[in-house]
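Report on the following structure.
Residue numbers (the working numbering): 926 to 1212.
In structure tokens form, the structure reads like this:
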């Protein structure tokens, strides 16, 4: 874990409400999350005098705001225009540098990972801590400096935090969990690749492949209510676009559990249910 993430977690008060922790973290000027990137990315990320100031920061913000539409065409042109460049060719070096610093991650659909070239490329911030910082802290620094962190929480963070977690972090946590299960022999499926899949119309959160066939297909939801049969049926519909194995393992990951019908379906052995309590058992060493 990056140093700034460890420091932030060390300051987190487990018994305090989530609101109190986030307001405290985002409103303290000495907090590492407040100053780390703007101070260091001007030279380390930008790499040239022309990108000093907030150019590199603006590039990161744009990538975070459009994680699902930053395809090579026209996505990179959109990024280039947003940071004041005329074409995508002018920012390839900066994107590569951000990836070398492990600040940015390049993603392709799992079924296309082995291809030499693909047009379905997404770029997103690699670290959840930084995604939160650029999404919720950086745009509101003036208000936070005035001590208006509670206002930012009520107006901006609280209404959208669940959606933000679902879109940027929950899927990744579930993928890591599945890799751990595979490592310990607790995943009832043969998987050599594991990631996401998408096309212009659909997206599947979890796709595991073995010799080109989808042996695992899953959906990750972060909603207040339990997952019902409609989510499962919709996942099966979307999966028809994949090179499905004869008997794939269906995976449903839910923040709020599952209804009775879904739990009964899981008893058949071809459906794995994941809840937050399953990710880190009480006796597990998280750090």
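Even glycine gets a Cβ: it sits at the ideal position worked out from N, Cα and C.
Keep in mind that this is a model prediction, so the values were computed, not measured.
Taking 8 Å as the upper bound for CB-CB distance, residue 1173 and residue 1140 are in contact here, some 6 Å apart.
CA-CA distance, residue 1204 to residue 1197, rounds to 13 Å. For the pair residue 1144 and residue 1131, the Cα-to-Cα distance works out to about 6 Å. When DSSP reads this structure, residue 1146 sits in a beta bridge with 1179. Relative to the Cα of residue 1033, the nearest Cα in the group 1200, 1049 and 1021 belongs to 1049. Out of 1164, 1152 and 1169, the CA that lies nearest to the CA of residue 1183 is found in 1152. When the Cα atoms are used, residue 1093 and residue 1056 turn out to be separated by approximately 8 Å. Counted as a single uninterrupted DSSP element, the stretch harbouring residue 1048 is not any alpha helix (DSSP H) but the beta strand (DSSP E) occupying residues 1047–1050.
Sorting 1039, 1020, 1169 and 1026 by C-alpha distance to the C-alpha of residue 1114 places 1169 at the top. For residue 1031, the enclosing beta strand (DSSP E) has its first and last residue at 1029–1032. Counting only unbroken stretches of 4 or more residues, the alpha helix (DSSP H) elements lying wholly within the segment 1049–1096 are 1053–1057, 1066–1070, 1074–1077 and 1083–1090, in sequence order. In terms of Cβ geometry, residue 1166 and residue 1035 do not form a close pair [threshold 8 Å].
The Cβ atoms of residue 1181 and residue 1199 lie no closer than 8 Å to each other.
Of all C-beta pairs linking the segment 1120–1137 to the segment 1085–1104, three or more are shorter than 8 Å, placing the two stretches in contact.
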